[in-house]
Amino acid sequence: MHNKLIGRLVKFKPEGNYSEFHNAIGLVTSHNKPDHVRVQWIKPVHYAVESDHYIHFGPTKVSDFELARFEVLS
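At position 57 of the sequence shown (counting the first as 1) the number is 81 in our numbering, and the numbers step up by one without a gap.
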């Protein structure tokens with residue numbers, strides 16, 4: 025089913041952990057393992073700001089999450 029989501033807009037559900045991503049909107053670009061999708065965020069997400077990765081690369085532009093974390097918008 026998640027193959028059919030490629031190219032669709034999704035919204036990260038405002039529940040559970042990863043509060044920085046709550047309500048973030050992105051475009052599904054691929055799937056990477058069963059029941060997970062890769063999302064390119066419309067607006068980069070400021071996540072893990074204390075990490076070395078953030079210091080070098082800035083906000084997160086692409087993420088991989090379980091499909092259940094998203095609401096399909098289109």
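Glycine residues also receive a C-beta, built at the ideal position from the N, C-alpha and C atoms.
In chain order, which beta strand (DSSP E) runs of at least 3 residues are fully inside the segment 29–86? 33–36, 49–57, 60–69
Compare the beta carbon distance of E95 and K28 with 7 Å and say whether it is the shorter of the two. Counting from one through the sequence shown, the residue named residue 95 turns up at place 71. Counting from one through the sequence shown, the residue named residue 28 turns up at place 4. Cβ atoms of E95 and K28: not closer than 7 Å.
Give the single residue among L91, D88, G40, H70 whose Cα lies nearest to the Cα of F81. Here residue 81 refers to the residue found at position 57 when the sequence shown is read from its first residue. That would be H70, whose Cα lies nearest to the Cα of F81.
Whole-Å CB distance - T84 paired with P68, under 8 Å assumed: Taking the sequence shown and counting its residues from 1, one reaches residue 84 at position 60. Taking the sequence shown and counting its residues from 1, one reaches residue 68 at position 44. Correct: roughly 6 Å between the Cβ atoms.
Leaving out the 5 sequence neighbours to the left and right, which residues in its chain are closer than 6 Å to F45 when beta-carbon positions are compared? Looking up residue 45 in the sequence shown gives position 21. Cβ neighbours of F45 beyond the five flanking positions: F36, V69.
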